[in-house]
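Participant: Attaching a single structure in structure tokens format; questions to follow.
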Amino acid sequence: MEEVEEERDTVNISVDGSAHEVPSGISVLRVLEILGYKVSQFYGGGVVNRMCNSGACYNCCVVIDGQLKRSCVTPVEKGMEIITDKDMIERYEPLQLVSQISAYLHPGVSCFTNGCNFACSWCHNWNITFSSVGDPLTPKQFAEIISRGSGNYSMLGLSGGEPTLNRRWLIGFLKELSHGNKKLSIQVDTNASILTKDYIDELYYSGMTHISPDIKADSVEAFMSVTGVEDRELAQFYLNRSWEAVKYIINEYTGKLFYAVAIPYHPRLNSLEEVYKMGQRLASLNKDIDVNLVEYHPAFRAREMTLAPKGMVQKAVELLHDAGLNNVWLQGLEDAPSPLDPEELVGSLILKGDQNRI
Ligand code: SF4
Ligand code: FES
């Protein structure tokens with residue numbers, strides 16, 4: 415990215431009923447920042463949440479000319495009437511981009527919500543995570559699609575991207591789904607970075623039966639290396655939040671929810687020492703929980719990286735045992751989708767179009 419300075423025309427708009435003259439050619443989100451509205455990556459920390467910042471999660475929506483629109487990717491235009499009032503926004507059904515792919519991890523169907531607040535260099539679902547293309551769905555629309563085939567499977571896996579980013583949408587979807595289908599198990603795969611106690615409670619009472627929090631690191635330095643979150647304060651916030659979420663799940667939901675904690679591993683991105691510390695920290699919470707060591711393979715921006723030597727992966731598993739954990743599993747490469755070249759994938763997405771989307 416290169417920063418340039420240039421003269422811009424201005425346009426007249428209104429925000430929450432007040433008239434403003436603002437630069438043209440920038441996003442509505444940037445306009446709101448310039449006007450002094452609080453835009454925050456700390457979930458719930460501002461008037462507008464900037465979570466994925468890529469047009470995928472619909473978390474930054476405001477009402478623009480009577481429609482709910484993503485402020486991060488909507489360019490400001492002359493005469494726009496923008497409303498940021500929460501009550502007004504909540505009069506509209508929440509929206510979310512969702513993609514569906516046949517299951518490879520779940521005994522049922524896996525669905526993937528677009529958008530993530532992290533930018534992991536090896537993101538295996540990068541083509542969904544960072545895509546803002548397609549028509550978003552309301553919770554009801556998506557629940558209806560899932561319910562149509564739900565007689566054929568017993569479990570729905572919700573992954574991403576980060577499925578918890580758009581809370582109003584996710585809770586709405588779970589409620590819609592569990593009203594119509596009490597027998598369907600629902601697993602949420604999450605980086606746990608915005609999960610609060612009340613959010614976890616709400617997920618549980620809305621029908622979530624399984625959760626797989628993905629703990630990326632012990633130290634903030636390793637966390638930043640793994641996730642690509644460059645703002646240290648934000649990285650520390652997400653790291654703390656994810657550990658607090660895991661602690662709460664273990665303390666409050668053992669026996670109520672099925673859960674397994676995932677730890678990603680590749681020597682280029684985190685060290686064996688880091689893995690051991692994570693193991694110790696988890697064992698101090700409950701040594702009998704299920705822990706999956708997830709072997710990362712080359713993908714996305716890290717597609718040039720070589721595979722971790724088998725000996726190191728085995729060593730990481732042994733270290734988790736040594737740290738005191740009794741139930742450690744290796745989610746190895748044979749469990750993961752084949753690494754595809756991103757350029758090939760982009761080509762196939764463009765060519766196949768809607769085949770890749772619900
Ligand atoms: S947290 Fe998961 S979905 Fe998000 S960027 Fe990282 S690997 Fe991709
Ligand atoms: S922050 Fe704008 S769509 Fe996710």
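According to the numbering used here, numbering within the sequence shown proceeds without interruption in unit steps and concludes at 772.
All residues carry an ideal CB built from backbone N, CA and C; glycine is no exception.
All of these numbers come straight from a predicted model, not from anything done at the bench.
Whole-angstrom Cβ separation of H624 and I600, contact assumed at under 8 Å?
Facilitator: Their Cβ separation, rounded to whole angstroms, is 7 Å, which keeps H624 and I600 in contact under 8 Å.
Participant: What's the gap between the Cα of A716 and the Cα of W536?
Facilitator: So the alpha carbons of these two residues sit roughly 5 Å apart.
Participant: Distance, Cα to Cα, V634 vs Y618?
Facilitator: One C-alpha to the other measures close to 29 Å.
Participant: Who pairs with E709 in a beta bridge, going by DSSP?
Facilitator: Looking at the DSSP assignment, E709 forms a beta bridge with Y679.
Participant: Pick helix, strand or coil for A674, following the three-state DSSP scheme.
Facilitator: Strand, per DSSP.
Participant: Can you list the beta strand (DSSP E) stretches of 3 or more residues lying completely in the segment 609-696, in chain order?
Facilitator: Counting whole runs of 3 or more residues, the segment 609-696 contains the beta strand (DSSP E) stretches 624-627, 672-679.
Participant: What I want to know is whether the C-beta of V532 ends up closer than 7 Å to one or more non-hydrogen atoms of ligand 1.
Facilitator: For the sequence presented, residue 532 should be read as Phe rather than Val. At least one heavy atom of ligand 1 is nearer than 7 Å to the Cβ of F532, so yes.
Participant: Measure the alpha-carbon distance for V708 versus E576 and round it to whole angstroms.
Facilitator: Going by the C-alpha atoms only, they are around 17 Å apart.
Participant: Do you know offhand how far H520's Cα is from S568's?
Facilitator: Because the pLDDT at H520 is just 49, under 50, the model does not fix this residue reliably, and the value given afterwards should be weighed accordingly. Spanning the two alpha carbons is a distance of roughly 10 Å.
Participant: Can you list, in chain order, the residues of its chain whose CB lies under 7 Å from that of K650, leaving out five sequence neighbours each side?
Facilitator: One detail in the question is off: residue 650 reads as Gln in this sequence, not Lys. Only V634 meet the Cβ criterion.
Participant: DSSP three-state label for S432, please.
Facilitator: Note: S432 maps to strand in three-state DSSP.
Participant: T527 and L572 look like a contact to me (Cβ under 8 Å); what is the Cβ gap, rounded to whole Å?
Facilitator: Right, their Cβ atoms sit about 7 Å apart.
Participant: How far does the alpha helix (DSSP H) with D501 in it extend, from its first residue to its last?
Facilitator: Run containing D501: 500-503, per the alpha helix (DSSP H) assignment.
Participant: Should R464 be labelled buried (16 or more other beta-carbon atoms within 10 Å of its own) or exposed?
Facilitator: By the neighbour-count rule (16 or more Cβ atoms within 10 Å), R464 is buried.
Participant: How is V445 classed by DSSP in three states: helix, strand or coil?
Facilitator: In the structure shown, V445 sits in a helix (DSSP, three-state: H, G or I).
Participant: Taking the C-alpha atoms as reference points, what is the distance between G529 and E558?
Facilitator: Each residue's Cα considered, the two are about 22 Å apart.
Participant: Thinking C-alpha only, which one of C534, D423, E504 is nearest G480?
Facilitator: Checking every option, the nearest Cα to that of G480 belongs to E504.
Participant: Specify, as a first and last residue, the run of the beta strand (DSSP E) that V742 falls within.
Facilitator: Looking at the DSSP string, the run of the beta strand (DSSP E) that includes V742 is 741-745.
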